[in-house]
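Report on the following structure.
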Ligand SMILES: [Zn+2]
């Protein structure tokens, strides 16, 4: 499962953050995940909760995820719009395919709370 390797990478990063801040524990982790990132949030949460138990620094960490919608801007008429169409989106106003992605590709740790 793709999400397990993402969760392991996250924990690696969280360990680094804990070390740099002399933290005993990570208590809360907030992620931003865009719809276009290809990450299944439920799978990632499940994977994180499973692999965190093997690491005392993150074993009590609560994970919250903000899902970022997929938003495009039309290059022809400048309309911005949200869509669930990942593969062949077009502008709802002028039907153009010349689109620029505004959000939805996010895949990062937004915020971490620690206990020192
Ligand atoms: Zn348009």
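Residue numbers (my numbering): 5 to 120.
A virtual CB, placed ideally from N, CA and C, is assigned to each residue, including glycine.
Keep in mind the model is a prediction, meaning the values are calculated, not measured.
In chain order, what residues of the same chain have a beta carbon less than 6 angstroms from the beta carbon of residue 81, not counting five sequence neighbours either side?
Excluding positions up to five away in sequence, the list reads 97, 98.
Does residue 3 come out as helix, strand or coil in the three-state DSSP assignment?
Any question about residue 3 goes unanswered here, given that the chain covers just 5 to 120.
Can you tell me which of 75, 102, 32 puts its alpha carbon nearest to the alpha carbon of residue 89?
Closest option to residue 89, Cα to Cα, is 75.
Per the contact definition of three or more C-beta pairs closer than 8 angstroms, is the segment 91-110 in contact with the segment 50-61?
The segment 50-61 vs the segment 91-110: no contact.
If I measure Cβ to Cβ from residue 2 and keep anything under 8 angstroms in the same chain, skipping five residues before and after, which residues do I get?
In the structure as shown, the chain begins at 5 and stops at 120. Residue 2 is therefore absent and cannot be evaluated.
Got a sec, what are the start and stop residues for the beta strand (DSSP E) residue 123 sits in?
Since the first and last residues shown for the chain are 5 and 120, residue 123 lies out of range.
Could you tell me the boundaries of the beta strand (DSSP E) in which residue 47 lies?
Taken as a continuous stretch (DSSP letters only), residue 47 belongs to no beta strand (DSSP E), being part of the alpha helix (DSSP H) at 45-55.
Drop a sphere of 10 angstroms on the beta-carbon of residue 37, count the other beta-carbons inside from all chains shown, and report buried for 16 or more, exposed for fewer.
Result: buried.
Name, in chain order, the residues that DSSP records as bridge partners for residue 13.
None, per the DSSP bridge assignment.
Please report how far the alpha carbon of residue 14 lies from the alpha carbon of residue 67, in whole angstroms.
Cα to Cα, residue 14 sits roughly 11 angstroms from residue 67.
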